[in-house]
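Take a look at the structure set out below.
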Amino acid sequence: MPSLLETAVYRHNLAIVKLLLDLDKIDPNTQSLLQQTPLFYAVEQQSMQLTELLLQSGRVDVNCKNSAGCTPLMLAISFGNMLMVKVLLKHTGIDIMARDKLG
1 MPSLLETAVY RHNLAIVKLL LDLDKIDPNT QSLLQQTPLF YAVEQQSMQL
51 TELLLQSGRV DVNCKNSAGC TPLMLAISFG NMLMVKVLLK HTGIDIMARD
101 KLG
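Residue numbers (the UniProt record's numbering): 1 to 103.
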């Protein structure tokens with residue numbers, strides 16, 4: 001079952017995402033069955049607004065990995081979304097040397 005935040009991101013509901021991020025009880029790094037966090041879904045949807053909102057919360061692990069060992073940055077690069085890549089690269093702590101399970 002998807003988390004509340006995951007559902008709000010998936011449905012691109014900015015107001016609810018913002019509301020949920022303000023709640024301490026909500027963990028923005030909760031992973032789905034595929035080990036994807038809400039940040040993955042925002043990047044997957046190529047939503048700059050959602051991605052920036054999640055990153056600005058200061059609670060999101062920008063280097064989280066899914067079941068394939070991919071990070072949100074790797075996903076943005078695979079989509080060829082240069083703007084998304086730039087947004088992710090601006091985030092403090094981004095690991096540009098991360099590797100997936102294939103190396």
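For every residue, glycine included, the Cβ atom is placed at its ideal position computed from N, Cα and C.
Worksheet entry | Cβ-Cβ separation, V60 to L88 (assumed contact under 8 angstroms), whole Å | Within the sequence shown, numbered from 1, the residue matching residue 88 stands at position 88. Within the sequence shown, numbered from 1, the residue matching residue 60 stands at position 60. Contact between L88 and V60 is absent: CB atoms are separated by about 11 angstroms, not below the 8 angstroms threshold.
Practice item. Kindly indicate which residue of V43, M1, I94, S57 has the alpha-carbon position closest to the one of M82. Key: Within the sequence shown, numbered from 1, the residue matching residue 82 stands at position 82. Nearest C-alpha to M82 among V43, M1, I94, S57: V43.
Checklist entry - Where do the N-terminal and C-terminal ends of the alpha helix (DSSP H) with I16 fall, by residue? => result Start at 1 with the first residue of the sequence shown, and residue 16 comes out as number 16. Judged by DSSP secondary structure, I16 falls within the alpha helix (DSSP H) whose first and last residues are 14-21.
- Item | Neighbourhood of I96 by C-beta, 8 angstroms cutoff - its chain only, sequence neighbours within 5 removed | For the purposes of this step, residue 96 is identified with residue 96 of the sequence shown, where counting begins at 1. Excluding residues within five positions, the ones whose Cβ falls inside 8 angstroms are L73, L89.
Assigned secondary structure, Q45 (DSSP; H/G/I helix, E/B strand, else coil):
As a position in the sequence shown, residue 45 is number 45, starting the count at 1. Q45: coil per DSSP, three-state reduction.
- Message: Rounding to the nearest angstrom, what Cα-Cα distance links T51 and N66 in this structure?
- Response: Here residue 51 is taken as the residue at index 51 of the sequence shown, counted from 1. Here residue 66 is taken as the residue at index 66 of the sequence shown, counted from 1. Roughly 17 angstroms between the two C-alpha positions.
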